[in-house]
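Asker:
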Amino acid sequence: MSLSNRFEGALMFNPSRLKLARQRLALTLTKLADLSGVSLRSLTNYENGRLAPNDENLLKLARALSVSPGFFDRETSEVIPVEAASFRKLSKTTAARRDAVLANASLAVEFFNIIEARFKLPAADTPSLDKFKPEQAAELVRHRWNLGDRPIANMVHLLESRGVRVAALSHDYTDIDAFCFIRDSKPYVFLNTSRSAERQRFDAAHELGHLALHGEQDMDPSTSKERESEANSFAASFLMPRTAVLSQSMRSASLERILAARSFWKVSAMAMTHRLHELELLSDWQYRSLCVALSEKGYRSSEPGGITPESSQLLRKVMFGSGLKVNVHDAAIDLDLNPGDVRDFVRGLVPVAA
Ligand SMILES: [Zn+2]
Numbered sequence: 015m016s017l018s019n020r021f022e023g024a025l026m027f028n029p030s031r032l033k034l035a036r037q038r039l040a041l042t043l044t045k046l047a048d049l050s051g052v053s054l055r056s057l058t059n060y061e062n063g064r065l066a067p068n069d070e071n072l073l074k075l076a077r078a079l080s081v082s083p084g085f086f087d088r089e090t091s092e093v094i095p096v097e098a099a100s101f102r103k104l105s106k107t108t109a110a111r112r113d114a115v116l117a118n119a120s121l122a123v124e125f126f127n128i129i130e131a132r133f134k135l136p137a138a139d140t141p142s143l144d145k146f147k148p149e150q151a152a153e154l155v156r157h158r159w160n161l162g163d164r165p166i167a168n169m170v171h172l173l174e175s176r177g178v179r180v181a182a183l184s185h186d187y188t189d190i191d192a193f194c195f196i197r198d199s200k201p202y203v204f205l206n207t208s209r210s211a212e213r214q215r216f217d218a219a220h221e222l223g224h225l226a227l228h229g230e231q232d233m234d235p236s237t238s239k240e241r242e243s244e245a246n247s248f249a250a251s252f253l254m255p256r257t258a259v260l261s262q263s264m265r266s267a268s269l270e271r272i273l274a275a276r277s278f279w280k281v282s283a284m285a286m287t288h289r290l291h292e293l294e295l296l297s298d299w300q301y302r303s304l305c306v307a308l309s310e311k312g313y314r315s316s317e318p319g320g321i322t323p324e325s326s327q328l329l330r331k332v333m334f335g336s337g338l339k340v341n342v343h344d345a346a347i348d349l350d351l352n353p354g355d356v357r358d359f360v361r362g363l364v365p366v367a368a
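Residue numbers for the sequence shown follow this note's numbering, so the first one is 15 and each next one is one higher.
#1: To the nearest angstrom, report how far apart D234 and G337 are at their CA atoms.
#2: Output the distance between the C-alpha atoms of A152 and A346, rounded to the nearest integer angstrom.
#3: From the DSSP output, in three-state form, read off S18 for me.
#4: Mapping DSSP to helix, strand and coil, what is N352?
#5: Who sits around ligand 1, taking every residue whose Cβ is closer than 6 angstroms to one of its heavy atoms?
#6: Taking the straight line between their C-alpha atoms, what separation do you get for G63 and L54?
#7: Would F86 and R31 qualify as a contact pair, given that the criterion is a beta-carbon distance under 8 angstroms?
#8: Can you name the residues that DSSP bridges to V364?
#9: For P201, which residues does DSSP report across the bridge?
#10: Just to confirm, are M284 and L308 a CB contact at a threshold of 8 angstroms?
#11: When you compare each of D191, V364, G229, A258 to P201 by their alpha carbons, which one comes out closest?
#12: Could one say the Cβ of W299 lies closer than 8 angstroms to chain C's Cβ atoms, at least one of them?
#13: Between the Cα of E221 and those of I321, T207, F193, spot the shortest distance and give me the residue it belongs to.
#14: Nearest to K74 by alpha carbon, out of T90, E61, L46, L65?
#15: Grab me the residues of G162's own chain with a C-beta within less than 8 angstroms of its C-beta, minus the 5 sequence neighbours each way, in chain order.
#16: In terms of alpha-carbon separation, which member of A250, S277, Y313, S184 lies closest to G362?
#17: Kindly list the residues whose CB is nearer than 7 angstroms to the CB of A258, restricted to its own chain and excluding five residues on each side of it in sequence; keep chain order.
#18: So is W299 buried or exposed if we call it buried at 16+ other beta carbons inside 10 Å?
#19: To the nearest angstrom, how far is the alpha carbon of R314 from that of R289?
#20: For L295 versus M264, is the C-beta distance shorter than 8 angstroms?
#21: Mind the definition here: the region 124-131 touches the region 340-354 only if three or more C-beta pairs lie below 8 angstroms; say whether that holds.
#22: Beta-carbon separation of R176 and D144 under 8 angstroms?
Right under this line is the structure:
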């Protein structure tokens with residue numbers, strides 16, 4: 015059935031879907047009025063549910079918001095509340111962008127629902143360890159998942175195998191960090207796939223830290239500072255376990271030694287240096303001079319000689335496997351979105367999706 019045919023069949027109008035489509039693009043009502051040619055007064059009435067748009071205005075809105083008209087005829091998709099997601103405290107302008115990211119995330123959840131209707135995904139196995147200190151919690155997760163003291167081969171594969179749905183943060187919002195939330199008892203992690211591989215691994219471990227330590231908590235952004243440092247501490251301990259690092263004779267390590275160790279643990283040189291300092295294998299003075307040296311060699315903004323970014327095993331199988339699959343175009347039609355929006359959910363996690 016083509017989209018225009020669908021439209022000709024009488025569509026219902028769900029006001030919350032208009033708001034979702036608008037928030038997704040971080041548009042104010044005024045801006046949407048400009049873009050669509052629908053008056054601000056009408057838009058306000060539509061969003062409040064006082065009026066429903068006629069066919070002509072519905073088409074204008076669909077065009078301006080780059081969705082199919084059927085998008086407005088769908089069930090309310092609960093937007094992920096800010097308190098449910100792990101975000102750092104952000105400025106006001108960034109808050110609108112954060113809301114856009116959350117609106118997109120709720121659509122990504124719909125995408126995963128399409129996948130789940132056809133595939134059985136691993137059950138969630140992220141333990142709740144809010145009574146523990148970050149380092150202990152990291153060790154407990156390693157133990158529960160039988161990871162021993164070895165480097166984590168692939169964080170994305172690991173999370174997926176434990177029932178975490180991993181998706182990509184839209185590249186329009188690269189100023190926003192990775193984040194996670196739990197929806198219907200299923201954990202979701204959104205990664206910023208424009209970052210270095212090492213940074214993404216650390217982000218993935220950081221979000222796992224939130225799920226383990228703060229999964230049950232209200233994530234009010236105004237009190238995020240402590241949670242952020244706990245999640246960072248979890249990530250460092252999870253990726254570079256204390257006993258294993260202590261057994262590697264890293265005391266007063268040279269720059270070369272640190273670069274070898276970061277390749278072994280698949281972390282950034284900066285994260286490795288920070289961990290050694292935290293474990294008191296580097297003095298304050300050694301730590302500071304190494305940071306300066308790394309900075310001069312460009313390790314603060316990038317990762318020379320680093321690894322290639324991880325990709326998703328689950329999405330590759332689901333989207334490119336033989337037999338039953340969820341392809342970008344069909345998913346876009348199912349969701350009343352553009353194929354480009356579906357590609358954004360998985361960008362950087364699978365090969366360029368057709
Ligand atoms: Zn965080």
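We put the beta carbon where it would ideally sit given N, CA and C, even for glycine. Predicted, not measured: the structure shown is a model, and the values here were computed from it.
Answerer: Reading from the atomic positions:
#1: Translated into positions along the sequence shown, residue 234 becomes position 220. Translated into positions along the sequence shown, residue 337 becomes position 323. D234 and G337: Cα-Cα distance of roughly 44 angstroms.
#2: If you number the sequence shown from 1, residue 152 lands on position 138. If you number the sequence shown from 1, residue 346 lands on position 332. Going by the C-alpha atoms only, they are around 38 angstroms apart.
#3: Here residue 18 refers to the residue found at position 4 of the sequence shown. Residue confidence is low: S18 scores 42 on pLDDT, short of 50, so the model does not pin down where it sits. Its coordinate-derived value is still stated next. Residue state, collapsed to three classes: helix.
#4: Translated into positions along the sequence shown, residue 352 becomes position 338. In the structure shown, N352 sits in coil (DSSP, three-state: anything other than H, G, I, E or B).
#5: S100, H220, H224, E242, A245
#6: Sequence index remark: in the sequence shown, residue 63 carries index 49 (1-based). Sequence index remark: in the sequence shown, residue 54 carries index 40 (1-based). Cα to Cα, G63 sits roughly 14 angstroms from L54.
#7: For the purposes of this step, residue 86 is identified with residue 72 of the sequence shown, where counting begins at 1. For the purposes of this step, residue 31 is identified with residue 17 of the sequence shown, where counting begins at 1. Yes, the Cβ-Cβ distance between F86 and R31 is below 8 angstroms.
#8: Locating residue 364 in the sequence shown gives position 350, where the first residue counts as 1. In DSSP, V364 forms a bridge with R361.
#9: Residue mapping note: residue 201 aligns to position 187 of the sequence shown, counting from 1. P201 is bridged to I196.
#10: Residue mapping note: residue 284 aligns to position 270 of the sequence shown, counting from 1. Residue mapping note: residue 308 aligns to position 294 of the sequence shown, counting from 1. In this structure, L308 lies closer than 8 angstroms to M284 by Cβ.
#11: Working through the sequence shown from its first residue, we reach residue 201 at position 187. Among D191, V364, G229, A258, the Cα nearest to that of P201 is on G229.
#12: Within the model displayed, chain C is absent; a lone protein chain is all it includes.
#13: In the sequence shown, the residue the question calls residue 221 occupies position 207. For the residues I321, T207, F193, the minimum Cα distance to E221 belongs to F193.
#14: Start at 1 with the first residue of the sequence shown, and residue 74 comes out as number 60. Minimum Cα distance to K74 is reached at L46.
#15: The residue you call residue 162 lines up with position 148 of the sequence shown. Result list for G162: R156, in chain order.
#16: On the sequence shown, residue 362 is found 348 positions in, with the first residue counted as 1. The shortest Cα separation from G362 among A250, S277, Y313, S184 belongs to S184.
#17: Taking the sequence shown and counting its residues from 1, one reaches residue 258 at position 244. Within the same chain, A258 has close Cβ partners D163.
#18: Counting from 1 along the sequence shown, the entry for residue 299 is found at position 285. Per the 10 Å Cβ criterion, exposed.
#19: As a working mapping, residue 314 is identified with position 300 in the sequence shown. As a working mapping, residue 289 is identified with position 275 in the sequence shown. If I take the Cα positions, the gap works out to 15 angstroms.
#20: Against the sequence shown, residue 295 aligns to sequence position 281. Against the sequence shown, residue 264 aligns to sequence position 250. Taking 8 angstroms as the Cβ cut-off, L295 and M264 qualify as a contacting pair.
#21: Segments in contact, yes.
#22: Mapped onto the sequence shown, residue 176 falls at position 162. Mapped onto the sequence shown, residue 144 falls at position 130. Contact check for R176 against D144 fails: the beta carbons are separated by 8 angstroms or more.
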